[in-house]
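Visitor: According to our numbering, numbering within the sequence shown proceeds without interruption in unit steps and concludes at 89.
Here it is: the structure, laid out below.
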Amino acid sequence: MAKTIYTEEYKIFQRLLKKAREEAGLTQIEVAQELDAPQSFVSKIEAGDRRIDVIEFWRLARLYKKPYDFFFRFEEKSESKSKKKSLKAASTTKKKIRS
-9 MAKTIYTEEY
1 KIFQRLLKKA
11 REEAGLTQIE
21 VAQELDAPQS
31 FVSKIEAGDR
41 RIDVIEFWRL
51 ARLYKKPYDF
61 FFRFEEKSES
71 KSKKKSLKAA
81 STTKKKIRS
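If you want it as structure tokens, here you go:
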């Protein structure tokens, strides 16, 4: 079994963490200060270079003022794949040249 940090669901979770921080109007530095951690701590979490434990998640959700289920909207997985396919299909369409 692959580590969860490498799954599509974890990538969605990372994006939602960043989105929540941005919607809260906070910078990575401000979040780090609230958590008494270096800015790189927040950066590594958002980049997927570091896992978070349940207490860290709880603190972030409270800081961002988001319900826990906000971070588990994995249906975005299918939406992002369908967008990629439609964009790819559109970009490979040949245009007719008028003479």
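Here a beta-carbon is modelled for each residue, glycine too, at the ideal position from N, C-alpha and C.
Rounded to whole angstroms, how far is the Cβ of Lys55 from the Cβ of Ala27, which I believe are closer than 8 angstroms?
Guide: The pair is not a contact, with the Cβ atoms about 19 angstroms apart (cut-off 8 angstroms).
Visitor: With distances taken Cα to Cα, identify the nearest neighbour of Leu6 among Ile35, Gln29 and Ala22.
Guide: The residue with the shortest Cα to Cα distance from Leu6 is Ile35.
Visitor: So for Lys9, helix, strand or coil by DSSP?
Guide: If DSSP states are grouped into helix, strand and coil, Lys9 belongs with the helices.
Visitor: Taking its Cβ as the centre, do 16 or more other Cβ atoms sit within 10 Å of Arg11, making it buried, or is it exposed?
Guide: Buried, since its Cβ has 16 or more Cβ neighbours within 10 Å.
Visitor: By the DSSP assignment, the alpha helix (DSSP H) with Ile45 in it spans what residues?
Guide: Val44 to Tyr54 is the span of the alpha helix (DSSP H), which, as asked, contains Ile45.
Visitor: Applying the 10 Å Cβ sphere with the 16-neighbour rule, what's the burial state of Ile45?
Guide: The residue in question, Ile45, is exposed, as its Cβ has fewer than 16 Cβ neighbours within 10 Å.
Visitor: Excluding the five sequence neighbours on either side, which residues of its own chain have a C-beta within less than 7 angstroms of the C-beta of Ala22, listed in chain order?
Guide: These residues qualify, in order along the chain: Pro28, Gln29, Phe31 and Val32.
Visitor: Please list, in chain order, all residues of the same chain as Phe61 whose beta carbon is under 8 angstroms from its beta carbon, the five residues on each side excluded.
Guide: Counting only Cβ-Cβ distances below 8 angstroms, and skipping sequence neighbours, we find Phe3, Leu6, Leu7, Ala10, Phe47 and Ala51.
Visitor: In terms of residues, what are the limits of the alpha helix (DSSP H) holding Leu25?
Guide: Element bounds for Leu25: Gln18 to Leu25.
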